[in-house]
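**Q** Before we start, here is the structure in question, set down as structure tokens.
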Amino acid sequence: MKNVFSRPKSLKKAVFHYCAGCGHSITHRLIAEAIDELKIQDRAIGIPPAGCAVIAYNYFDIDMLEAPHGRGCAVATGMKRVLPDRIIFSYQGDGDLAAIGTAETMHAANRGENITVIFINNAVYGMTGGQMAPTTLLGQVSTTTPPGRSALLDGHPIHLSEILGQLPGTRYIERCAVNSPGNIVKAKRAIKKAFQYQMDGIGFSLVEILSQCPTNWKMAPVDACKWVTEVMAKEYLLGVIKDTKA
Ligand SMILES: Cc1ncc(C[n+]2csc(CCOP(=O)(O)OP(=O)(O)O)c2C)c(N)n1
Ligand code: SF4
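Okay, structure coming up:
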């Protein structure tokens, strides 16, 4: 019988530790498929974050180097400059990229480093128990905003992808989601395109993924997928934010 669905070569034979319905697992698979299809398994280097994806090096069968919390883009910059032939990507949550790592991210993007960022936006600090992240929606209940996020007390949700899109150094930025088959196909296309831009020397690319966190959203996985479309994607619009090659 023909095998039509199998583990990508770039994923190790390990069982994900992520919760059921978590967007991290789907995104890991998409990255691995993109690496396989572009035939860059021996050239790719991934940089895992602090956060639920901290042990992503247990899953990807490629070179991986852990970065301190938020410093993915700084580590990627150093690696790419020393090893320009390698395909370097940082994998960062919204707490990692848009809170503690804002400065490193902005400056790497502004310098136009030829690196790729996979930005997992699940609207909370997942690993540490569901605290408010910069991307938490107004009114969203988190462990540090029990009555819901208030603009007055907590500020507004940060749209980091749009902010980065304003910088002349950025080349390709797209926001995707992994909550439905159609969105998963588009997310894979975007990840592959971001790697391809880096391979072609075009410059800084970032793919934001709206990613379910059923555990901290306190929802069943199916309801979390619906929430992405019905609520989250109304605040964070899906689609290409910047593409200088288009
Ligand atoms: C310097 C530093 N400060 C704080 C922490 C604690 N910490 C670990 S993960 C995390 C939040 C991660 O949230 P996010 O980046 O959104 O990733 P997620 O877990 O949701 O995937 C924090 C604050 C840390 N590890 N290092
Ligand atoms: S806490 Fe949320 S982000 Fe972390 S593994 Fe569970 S579902 Fe995924």
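Start counting the sequence shown at 0; every next residue gets the next number (numbering that gives the first Met the number 0). Note that beta-carbon positions come from the ideal geometry of N, C-alpha and C, so glycine has one too.
1. Compute the beta-carbon to beta-carbon distance between Ile117 and Ala107, rounded to the nearest angstrom, for a pair I have assumed lies under 8 Å.
2. Could you compute how far the alpha carbon of Thr76 sits from the alpha carbon of Tyr196?
3. Whole angstroms is fine: what's the gap from Gln130's alpha carbon to Asn2's?
4. If you draw a straight line from the C-alpha of Cys72 to the C-alpha of Glu103, how long is it?
5. Confirm the yes/no value for this check: CB of Thr169, any heavy atom of ligand 2, distance under 8 Å.
6. With a cut-off of 8 Å on the beta carbons, I'd call Pro213 and Cys21 a contact; round off their distance for me.
7. With a threshold of 8 Å, establish whether the CB of Asn120 neighbours any heavy atom of ligand 2.
8. Measuring straight from C-alpha to C-alpha, what distance separates Pro156 and Met0?
9. Does the beta-carbon of Asp93, which I'm using as the reference point, lie nearer than 8 Å to any heavy atom of ligand 1?
10. With a threshold of 8 Å (Cβ to nearest heavy atom), would Pro67 be considered close to ligand 3?
11. Compare the C-alpha of Asn178 against each of Thr135, Pro133, Ala232, Thr127 and name the closest.
12. For Ala122, name the three-state secondary structure that DSSP assigns.
13. Tell me whether Pro213 counts as near ligand 2, meaning its Cβ is closer than 8 Å to at least one heavy atom of that ligand.
14. Quick check on this structure: which residue in Ala49, Pro48, Lys8, Val14 has the alpha carbon closest to the alpha carbon of Lys38?
15. Is Ser210 close to ligand 2? I mean its beta-carbon at under 8 Å from any heavy atom of the ligand.
16. Just the C-alpha distance for Ser160 and Phe194, rounded to the nearest angstrom, thanks.
17. Reducing DSSP to helix, strand and coil, say where Asp41 ends up.
18. Would the beta-carbon of His158 be found less than 8 Å away from any heavy atom of ligand 1?
19. With Phe59 as the anchor, note down where its beta strand (DSSP E) starts and where it stops.
20. Confirm, please, whether the CB-CB distance from Val123 to Ser141 is below 9 Å.
21. Please determine whether the Cβ atom of His106 lies at a distance below 8 Å from any heavy atom of ligand 2.
**A** By the coordinates alone:
1. Contact flag wrong, Cβ pair sits at about 14 Å.
2. The alpha-carbon atoms of Thr76 and Tyr196 are separated by roughly 16 Å.
3. 42 Å
4. 6 Å
5. no
6. 7 Å
7. It does not: the Cβ of Asn120 is nowhere closer than 8 Å to a heavy atom of ligand 2.
8. 50 Å
9. yes
10. Inclusion of ligand 3 in the displayed structure is not the case, the ligand content consisting of ligand 1 and ligand 2 alone.
11. Ala232
12. Of the three classes helix, strand and coil, the one that applies to Ala122 here is coil, per DSSP.
13. yes
14. Lys8
15. Checking the Cβ of Ser210 against ligand 2 gives yes.
16. 17 Å
17. coil
18. Incorrect: His158 has no Cβ contact closer than 8 Å to ligand 1.
19. Unbroken run through Phe59: none, as it is neither H nor E.
20. yes
21. no
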